[in-house]
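Chains as they are written, first to last, in UniProt numbering: chain A, 1 to 285; chain B, 1 to 285; chain C, 1 to 285; chain D, 1 to 285.
Yeah, the Cβ is synthetic: ideal placement off N, Cα and C, and Gly gets one too.
These numbers were taken from a predicted model, which means no experiment stands behind them.
Each remark here refers to the structure printed beneath this line.
Number of protein chains: 4
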Amino acid sequence: MNPSAVLRISCPDQSGIVAAVATWVASVGGNIVHAEQHTDASDAMFFQRVEFTHAGVTAVDTLAAGFAPLAAHWDMTFTLDALPWKPRTAILCSKQLHCAADLLARTTYGDLGLDIVAMISNHDDAAPLATSFSLPFHHVAVGEGATARATQEAQLGELLQSLNLDLVILARYMLVMPPSLVAPWTGRMINIHHSFLPAFIGANPYRQAHDRGVKVIGATAHYVSDVLDEGPIIAQDVAHISHRDDVAELTRQGRDLETVVLARAVRAHVEHRVLTFGNRTVVFG
Amino acid sequence: MNPSAVLRISCPDQSGIVAAVATWVASVGGNIVHAEQHTDASDAMFFQRVEFTHAGVTAVDTLAAGFAPLAAHWDMTFTLDALPWKPRTAILCSKQLHCAADLLARTTYGDLGLDIVAMISNHDDAAPLATSFSLPFHHVAVGEGATARATQEAQLGELLQSLNLDLVILARYMLVMPPSLVAPWTGRMINIHHSFLPAFIGANPYRQAHDRGVKVIGATAHYVSDVLDEGPIIAQDVAHISHRDDVAELTRQGRDLETVVLARAVRAHVEHRVLTFGNRTVVFG
Amino acid sequence: MNPSAVLRISCPDQSGIVAAVATWVASVGGNIVHAEQHTDASDAMFFQRVEFTHAGVTAVDTLAAGFAPLAAHWDMTFTLDALPWKPRTAILCSKQLHCAADLLARTTYGDLGLDIVAMISNHDDAAPLATSFSLPFHHVAVGEGATARATQEAQLGELLQSLNLDLVILARYMLVMPPSLVAPWTGRMINIHHSFLPAFIGANPYRQAHDRGVKVIGATAHYVSDVLDEGPIIAQDVAHISHRDDVAELTRQGRDLETVVLARAVRAHVEHRVLTFGNRTVVFG
Amino acid sequence: MNPSAVLRISCPDQSGIVAAVATWVASVGGNIVHAEQHTDASDAMFFQRVEFTHAGVTAVDTLAAGFAPLAAHWDMTFTLDALPWKPRTAILCSKQLHCAADLLARTTYGDLGLDIVAMISNHDDAAPLATSFSLPFHHVAVGEGATARATQEAQLGELLQSLNLDLVILARYMLVMPPSLVAPWTGRMINIHHSFLPAFIGANPYRQAHDRGVKVIGATAHYVSDVLDEGPIIAQDVAHISHRDDVAELTRQGRDLETVVLARAVRAHVEHRVLTFGNRTVVFG
Chain A
1 MNPSAVLRIS CPDQSGIVAA VATWVASVGG NIVHAEQHTD ASDAMFFQRV EFTHAGVTAV
61 DTLAAGFAPL AAHWDMTFTL DALPWKPRTA ILCSKQLHCA ADLLARTTYG DLGLDIVAMI
121 SNHDDAAPLA TSFSLPFHHV AVGEGATARA TQEAQLGELL QSLNLDLVIL ARYMLVMPPS
181 LVAPWTGRMI NIHHSFLPAF IGANPYRQAH DRGVKVIGAT AHYVSDVLDE GPIIAQDVAH
241 ISHRDDVAEL TRQGRDLETV VLARAVRAHV EHRVLTFGNR TVVFG
Chain B
1 MNPSAVLRIS CPDQSGIVAA VATWVASVGG NIVHAEQHTD ASDAMFFQRV EFTHAGVTAV
61 DTLAAGFAPL AAHWDMTFTL DALPWKPRTA ILCSKQLHCA ADLLARTTYG DLGLDIVAMI
121 SNHDDAAPLA TSFSLPFHHV AVGEGATARA TQEAQLGELL QSLNLDLVIL ARYMLVMPPS
181 LVAPWTGRMI NIHHSFLPAF IGANPYRQAH DRGVKVIGAT AHYVSDVLDE GPIIAQDVAH
241 ISHRDDVAEL TRQGRDLETV VLARAVRAHV EHRVLTFGNR TVVFG
Chain C
1 MNPSAVLRIS CPDQSGIVAA VATWVASVGG NIVHAEQHTD ASDAMFFQRV EFTHAGVTAV
61 DTLAAGFAPL AAHWDMTFTL DALPWKPRTA ILCSKQLHCA ADLLARTTYG DLGLDIVAMI
121 SNHDDAAPLA TSFSLPFHHV AVGEGATARA TQEAQLGELL QSLNLDLVIL ARYMLVMPPS
181 LVAPWTGRMI NIHHSFLPAF IGANPYRQAH DRGVKVIGAT AHYVSDVLDE GPIIAQDVAH
241 ISHRDDVAEL TRQGRDLETV VLARAVRAHV EHRVLTFGNR TVVFG
Chain D
1 MNPSAVLRIS CPDQSGIVAA VATWVASVGG NIVHAEQHTD ASDAMFFQRV EFTHAGVTAV
61 DTLAAGFAPL AAHWDMTFTL DALPWKPRTA ILCSKQLHCA ADLLARTTYG DLGLDIVAMI
121 SNHDDAAPLA TSFSLPFHHV AVGEGATARA TQEAQLGELL QSLNLDLVIL ARYMLVMPPS
181 LVAPWTGRMI NIHHSFLPAF IGANPYRQAH DRGVKVIGAT AHYVSDVLDE GPIIAQDVAH
241 ISHRDDVAEL TRQGRDLETV VLARAVRAHV EHRVLTFGNR TVVFG
């Protein structure tokens, strides 16, 4: 089977782009197996994802270098990546472990192709989970004193840098991260928030949902930006609830949403199906 | 077939209520055909809806009078209503007519038992729709000048009062109503808002949803209170969307949500299945 | 605003098709505003829908004639249609009128661009509905006697032929049609079936669903083929139910599914977004 | 906190049952915290689940003995169980481990109160999973020869009997069980089938779904009966799919349905919320 590559481009909408890209793929011996495009009329932007097989004698970096002149001509931003991709990943969590356990189970017994190299938490509850999946566990606790939080953030930032990661997943990591921690991971750090954002930003969204008396709860997976719960949304899902469901029950039902939505977002990222523009995403199928 | 009655009660949670109510129903010759209860543990409140058939020699008002001492003993708030109920209803709309048209079609060709006695709008677009369903149409427009809006609100308030209504449905009526207009209709005025509240309160929720890049849109039917889009929620539903859907497409897809959610809420109200407490509802099945 | 055209192609999967099609569109001065493709790996088939604006000096038929050599070269089946399209449509129904009423309301007060030229029924219940929307009503009843059904089918077939129709919608038309009636309308006759096919084929699907004790009901819109309920599926949707819902309640809840699913399928057809192959469909977004 | 008990009754519908049951609960010092009832009009049957706290000086068996005369009087079938209940459970699986892994993760890191005492499989793939959760693994393989299958079934039957189980979960166990193996576990053996039954009974439902071209796939959890895939359905859920999804993708997406639906059914069973009658279930909320 021939290797695959994924080309993602975004550029001002112009006539002729599709033909130019398809012609280029054909010129390097590529065979398009999946292509999807989107024109955002309000912003006059064009987005495309082209997945193609190729002979494999050419490395992806060489292909990218060959595409660069075309990209420059059309004023494109682009990425060109190999598929399948198995990103070096760290999973961060706190006391709630269902999302982390789910990601580990999918990686081990399912079909999520992550190379998980570390589990990290501000609590030590996750240590047995890491052990049962033979993963290194890093306990980065918040100590005592006025500077404890800053110290923890510095330690965490250094740890993440040291691990040579492609992807950081906040799988119910409950400490808000400062912009300095987030900035190096733009577009490479995915968080799961337990509400359908932008409703119920911040702490205790299930409590907020209960007190407002909503009939639907949700979960949102998004890239982390420097504004809390405001980054580009990758995936959301919802479930119907009723007056019968108290906060504990919402929390329980919400877990299924959180695990499924986070896994869906991570998969889309790993398959190079997400493009971001401004605070929004294009997620190709 | 024997007539039916619906008893709805809410009271502080106490041991023995269920037996007391069931015993009372049996004492008046009633046969319970459906009963549902809910205990809200956080507020220590008990809610129940009991639907029962009875011989019919006794009027519902007499039944209610007979229940009153029991209610007083247990510190209950209660209503006792006949079923089926065909409330005298006014439908208010503006330029978007899909919700109004749907309610009329359900009433005429479907199974929604409303006695629609008036269509009211601040625009005259709905006149042909009213005519084709042989309904009186009231055009209550906003005129020119500084006091035009207040004049319109006064006219509308008087019109609603004059119609001897049981129910007012805001089927995409787009003018915000002042508290004085809303107050007489507490628990009897239902609005459809085109977002999953509390996200995207106010104007242009589909535009807001698009700009935030959400992957789910929704609609919310609620009793109108004196705070905009803050009344007790009766029904909500949602639909998955993608980057492909621009504001016009969200608006189009949202119409199906709005019509279905509004009809669902109106039906629950007409079947005496809704109880409110604070800003929340219990909607029995 | 320039006119739009939609090119739909299906052909054996080959390298270079996308480039060839995009180059052709550019060669006729077209600007691709939306393109979507699908490769069915198991059948080695390629499908594409390309929506493009063009100067409009060229008629769609002329464009199609110009594309024919390319299509022949790549062994393509293709259609090339103008957009928007307002097909001459007949709506067939029986006693249940919710789907028909919904299609009329969407056409008149919503955004479904049908040119409805006839309502046809084997019962006369729909006559007032047709009248209130100023539409001709054709009552094609089944008479008495051994040949009554055949006579009715012949009358109906002739009526459909005489109306110069683009589209026939079976909006809860409850008589099974013989192959001779269906054959002339392959790919142009859409039916709504009140179950998630292939479960509960045939009569009384809500009764069947109730007796099997399912927890989900559905509705299916499909092109009519000569085998009952076996044609290519265009759209399906489902709703959760519970033990509480008797057959009457399933029927009532199912109506919302039926109207929404049928309208969704009709819209996809009208927007030239459906391709069929064998007994399956590709429905582009 | 006082202990809880759950009374489930089914009997011919009669006037006065609710009062009689509620009076009995009060007579033993019980306080009803949740009650739900259902009258099946077509079968004239009454079903009720009453959850109540009690002083705890009385054992559940003694309570049940005390209720028996009342049950006899009203011709009731009933069960009376303690809550919470942590059933001794065996999980059976084959090569697909996502459901088994999910149940283990929910038991260990989530909130599903099972006492899992054995993992059993006809393959040895699940051994590492059992080990990582410190569970005994039983490999009951099918050997060679004409009688191999019968031998395996006999071994499995004996193993299940020897484990003193309350519950057997078929978490994608792919061998069809003969009636003799199923009979001892009526109402205590739950299977997950990877389609929305009754569509796509038997082998390869995702292949069947793909070939029929459906737009929705599903999963069904049901009690196992002696007819394949025909037992009483406890839970079902569905997901929208498109032409893009090949059999492998349906299989992948279906996994999320299977794990969530199976866990939902198991939870309902463990909380004594399910009653069966004929081939249907009542699942109280």
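Residue from the options with nearest C-alpha to residue i
i: D111 (chain C); options: B:Y109, B:L97 and B:H243; result: B:L97
i: R212 (chain C); options: D:G231, D:V21, D:I17 and D:G30; result: D:G231
i: D226 (chain A); options: A:S4, A:A105 and A:M177; result: A:M177
i: W74 (chain B); options: B:Y109, B:V21 and B:T108; result: B:V21
i: N191 (chain A); options: A:D229, A:V270 and A:L83; result: A:D229
i: A100 (chain D); options: D:L275, D:A68, D:S42 and D:V261; result: D:V261
i: E258 (chain D); options: D:S15, D:D102 and D:L160; result: D:D102
i: G278 (chain D); options: D:Y173, D:K86 and D:V224; result: D:V224
i: V247 (chain A); options: B:M189, B:D40, B:P84 and B:A82; result: B:D40
i: A44 (chain B); options: D:A209, D:V25 and D:H34; result: D:H34
i: W24 (chain B); options: B:A55, B:F67 and B:H38; result: B:F67
i: T220 (chain B); options: B:R172, B:L181, B:G56 and B:H193; result: B:H193
i: L175 (chain D); options: D:V282, D:A203, D:F46 and D:L160; result: D:A203
Contacts that residue i makes with chain C (C-beta to C-beta distance below 9 Å)
i: R255 (chain B); result: R106, G110 and D111
i: T62 (chain A); result: In chain order: nothing, as chain C lies at least about 20 Å away.
Beta-carbon neighbours of residue i, restricted to chain C and to distances below 7 Å
i: G16 (chain A); result: A26
i: L129 (chain B); result: Y109
i: T23 (chain A); result: A19
i: P12 (chain D); result: Under the 7 Å cutoff, chain C gives no residues; its nearest Cβ is about 17 Å from P12 (chain D).
Chain B residues whose Cβ lies nearer than 7 Å to that of residue i
i: V33 (chain D); result: T39
Listed by chain order, chain A residues near residue i by CB distance under 7 Å
i: residue 290 (chain B); result: Residue 290 (chain B) cannot be examined here, being either before or after the span of chain B that is shown, 1 to 285.
i: I233 (chain B); result: G213, V214 and K215
DSSP beta-bridge partners of residue i
i: P240 (chain A); result: With the sequence shown as reference, residue 240 (chain A) is identified as His, and Pro is not the correct amino acid for it. Answer is A:V216, bridged to H240 (chain A).
i: F277 (chain C); result: C:R280
i: E36 (chain A); result: A:R49 and C:E36
i: S225 (chain C); result: According to DSSP, S225 (chain C) bridges with nothing at all.
i: A90 (chain C); result: C:A118 and C:V168
i: N2 (chain A); result: For N2 (chain A), which the question treats as bridged, DSSP gives no partner whatsoever.
i: P12 (chain C); result: C:M45
i: F78 (chain D); result: D:I9
i: I233 (chain D); result: D:H222
i: F137 (chain A); result: A:M119
i: M189 (chain A); result: A:V168
Listed by chain order, chain C residues near residue i by CB distance under 8 Å
i: residue 292 (chain B); result: With chain B covering 1 to 285 only, the question about residue 292 (chain B) has no answer from this structure.
Chain-ordered chain D contacts of residue i [CB-CB under 7 Å]
i: S42 (chain C); result: D246
Chain A contacts from the stretch 98-120 of chain D (Cβ-Cβ distance under 7 Å): Listed by position, the residues of the stretch 98-120 of chain D near chain A (Cβ gap below 7 Å) are H98, A101, D102, A105, Y109, G110 and D111.
Members of the stretch 272-285 of chain B near chain C, C-beta cut-off 9 Å: Listed in sequence order: G285.
Within 9 Å of chain C by C-beta, residues of the stretch 240-269 of chain A in sequence order: Of all residues in the stretch 240-269 of chain A, H240 have a Cβ within less than 9 Å of some Cβ in chain C.
Contact the stretch 112-130 of chain D vs the stretch 191-201 of chain D: 3+ CB pairs below 8 Å: Note that the stretch 112-130 of chain D does not touch the stretch 191-201 of chain D; fewer than 3 beta-carbon pairs, one per stretch, sit closer than 8 Å.
Stretch-stretch touch, CB-based, cutoff 8 Å, three pairs: the stretch 5-18 of chain D with the stretch 255-275 of chain C: At 8 Å Cβ cutoff, the stretches do not touch.
Positions along the stretch 134-156 of chain A whose CB lies within less than 7 Å of some CB in chain D: Those residues of the stretch 134-156 of chain A that come within reach of chain D (Cβ to Cβ, closer than 7 Å) do not exist; the list is empty.
The stretch 180-192 of chain C: positions lying closer than 9 Å to chain B by Cβ: Among the residues of the stretch 180-192 of chain C, none has a Cβ less than 9 Å away from any Cβ of chain B.
Contact between the stretch 203-221 of chain D and the stretch 236-250 of chain D (3+ Cβ pairs under 8 Å): At 8 Å Cβ cutoff, the stretches touch.
Any 3 or more C-beta pairs closer than 8 Å across the stretch 146-161 of chain C and the stretch 127-136 of chain B: In short, these stretches do not touch, since the Cβ pair count stays below three.
Cβ pair count under 8 Å reaching 3, the stretch 244-259 of chain C against the stretch 52-64 of chain C: With the cut-off at 8 Å, the stretch 244-259 of chain C and the stretch 52-64 of chain C do not touch.
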